[in-house]
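What follows is a short report on a single structure.
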Ligand code: SIN
């Protein structure tokens with residue numbers, strides 16, 4: 002079928018309705034909200050404008066489905082998740098096209114995200130079978146301590162627009178693997194991928210009520226998720242500001258919280274770095290999703306002895322980037338998500354240049370207009386500039402100078418955030434020392450892309466609570482139970 006100027010094969014992936022208790026539903030009010038392609042401002046679909054009542058119903062459905070799903074063996078849940086994984090891959094091209102249409106990222110990158118998103122389903126399908134516990138010798142004779150991991154209950158998930166598939170699967174797959182049921186609220190700007198995942202969940206025979214998607218009013222849906230006592234886990238990816246509000250709103254019902262919040266990632270180039278590798282990894286790190294990821298380098302620190310060469314190499318690479326509609330041939334930088342994002346990028350550049358930074362590449366809105374912005378390289382950055390303390394979430398690479406290892410580590414750690422940090426060096430001793438001193442949950446050494454399903458993703462300080470992916474990703478959705486068994490070795 003024709004869709005947003007492209008074509009997709011599986012019409013079921015565009016249901017245009019929320020998914021509650023195994024049924025496709027509109028909003029009670031009948032209201033809908035248009036989904037807009039950020040590349041051209043055109044509407045690519047409509048989704049229901051749901052609110053608190055519909056969310057309550059989804060939570061009720063998830064609560065009703067819990068005991069049956071939790072009672073299945075890990076092996077049974079694994080089989081269903083494997084089928085979901087298979088269907089995601091079978092429909093990968095359609096899903097990628099839907100993603101590019103609603104989010105704007107280049108099609109090649111959208112295809113990459115589908116593979117990345119699917120990898121979490123595969124990984125946690127495997128982990129479902131390993132969600133065991135342990136037997137600990139008792140402290141009194143003839144007793145045994147049994148420690149088990151049990152499904153925490155209904156899990157609510159609030160996901161962002163920058164990764165419309167992977168941030169859902171990275172939460173929902175471990176939840177379902179552990180035996181929890183899920184209610185997902187996708188970002189208002191990118192709900193189509195979430196509904197496509199729900200259609201595939203239905204096809205995979207994930208039982209009704211186990212996976213629900215409600216679209217619409219963020220404040221009302223999020224408010225109900227936080228207040229409802231049946232929800233035992235709230236998982237959120239988004240800004241630190243919103244994360245703090247959600248944590249406060251969950252406090253009265255003392256939920257488990259999994260928070261993947263903002264970052265302010267440094268990328269340090271030491272004097273002993275391989276500068277070609279540093280520039281190449283810097284590009285991957287900075288320009289993934291046009292700079293719109295929480296783990297994109299936000300600040301580059303180049304040692305004063307290599308700063309000019311690094312900037313020259315980075316500038317050369319950046320000039321070869323192709324900005325345009327994500328469906329365009331060879332495009333590797335799509336539009337920013339909306340006008341507010343463009344304004345934020347502009348404000349960062351104006352602040353830096355107003356305080357003396359120099360524009361080496363870009364610096365302006367792109368000639369394509371709308372939400373397109375030129376990849377921008379700034380040098381002569383100082384610590385009192387906005388970019389030092391605030392995530393730009395756009396295609397801007399600001400370069401600062403430094404003189405010593407001790408100095409740069411202190412400067413990069415001087416932030417409330419602690420998600421990712423990167424550095425390039427050929428010195429093993431420095432690699433060990435610096436990675437130990439960085440206040441971050443994720444460190445890339447000579448690597449600019451750190452995300453994968455087998456490694457624990459998450460931050461320290463105000464960048465979040467908990468980990469996603471890896472074995473640790475299941476911990477957010479399980480509770481530990483300790484059972485003391487008495488008289489187990491003695492005939493009575
Ligand atoms: C994010 O930006 O929120 C996630 C990025 C990733 O998974 O690599």
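In my numbering, the protein residues as written are 2 to 493. Ideal Cβ positions, reconstructed from N, Cα and C, are used throughout, including at glycine. Everything numeric in this text was worked out from a predicted model, so none of it was measured.
Out of the options, which has the shortest C-alpha to C-alpha gap to residue i?
i: residue 31; options: 40, 18, 351; result: 18
i: residue 500; options: 465, 482, 459; result: Any property of residue 500 remains undetermined from this structure, which presents the chain solely from 2 to 493.
i: residue 320; options: 184, 361, 411; result: 361
i: residue 208; options: 390, 455, 57, 71; result: 71
i: residue 260; options: 28, 16, 38, 474; result: 474
i: residue 322; options: 301, 249, 313, 396; result: 396
i: residue 341; options: 190, 102, 147; result: 190
i: residue 275; options: 480, 428, 47; result: 428
i: residue 37; options: 363, 423, 336; result: 336
i: residue 10; options: 78, 197, 121, 177; result: 197
i: residue 424; options: 447, 264, 407, 415; result: 447
i: residue 478; options: 102, 445, 6, 132; result: 132
i: residue 170; options: 146, 213, 145, 135; result: 213
i: residue 130; options: 231, 271, 74; result: 74
i: residue 489; options: 145, 140, 77, 93; result: 145
With a 10 Å radius around its C-beta and 16 neighbouring C-beta atoms as the bar for buried, classify residue i as buried or exposed.
i: residue 143; result: exposed
i: residue 53; result: buried
i: residue 338; result: buried
i: residue 1; result: Absent from the structure is residue 1, since the part of the chain shown begins at 2 and ends at 493.
i: residue 437; result: exposed
i: residue 404; result: exposed
i: residue 351; result: exposed
i: residue 123; result: buried
i: residue 357; result: exposed
i: residue 372; result: buried
i: residue 287; result: buried
i: residue 385; result: exposed
i: residue 314; result: buried
i: residue 302; result: buried
i: residue 483; result: exposed
i: residue 138; result: exposed
i: residue 300; result: buried
i: residue 463; result: buried
i: residue 58; result: buried
i: residue 468; result: buried
i: residue 257; result: buried
Mapping DSSP to helix, strand and coil, what is residue i?
i: residue 349; result: helix
i: residue 47; result: strand
i: residue 355; result: helix
i: residue 405; result: coil
i: residue 143; result: coil
i: residue 24; result: strand
i: residue 1; result: Any question about residue 1 goes unanswered here, given that the chain covers just 2 to 493.
i: residue 440; result: coil
i: residue 281; result: helix
i: residue 158; result: strand
i: residue 465; result: strand
i: residue 445; result: strand
i: residue 19; result: strand
i: residue 420; result: coil
i: residue 152; result: strand
i: residue 76; result: helix
i: residue 254; result: helix
i: residue 269; result: strand
i: residue 398; result: strand
i: residue 8; result: strand
With residue i as the anchor, note down where its alpha helix (DSSP H) starts and where it stops.
i: residue 246; result: 241–251
i: residue 367; result: Careful: residue 367 lies outside any alpha helix (DSSP H) and carries neither H nor E.
i: residue 194; result: 193–204
i: residue 104; result: 93–104
i: residue 390; result: 387–390
i: residue 227; result: 219–228
Determine the extent of the beta strand (DSSP E) in which residue i is found, giving its start and end residues.
i: residue 274; result: First-last for residue 274: undefined, no H or E at that position.
i: residue 235; result: 232–238
i: residue 316; result: No beta strand (DSSP E) holds residue 316; the alpha helix (DSSP H) holding it covers 308–320.
i: residue 170; result: From DSSP, residue 170 is part of no beta strand (DSSP E) but of the alpha helix (DSSP H) over 167–179.
i: residue 56; result: From DSSP, residue 56 is part of no beta strand (DSSP E) but of the alpha helix (DSSP H) over 53–72.
i: residue 485; result: 479–486
i: residue 117; result: Unbroken run through residue 117 is the alpha helix (DSSP H), 108–129; no beta strand (DSSP E).
i: residue 453; result: Careful: residue 453 lies outside any beta strand (DSSP E) and carries neither H nor E.
i: residue 136; result: 135–138
i: residue 33; result: 33–37
i: residue 261; result: 257–261
i: residue 377; result: 377–380
i: residue 328; result: It is not in any beta strand (DSSP E) - residue 328 carries neither H nor E in the DSSP assignment.
i: residue 186; result: 182–186
i: residue 211; result: No beta strand (DSSP E) contains residue 211, which DSSP labels as neither H nor E.
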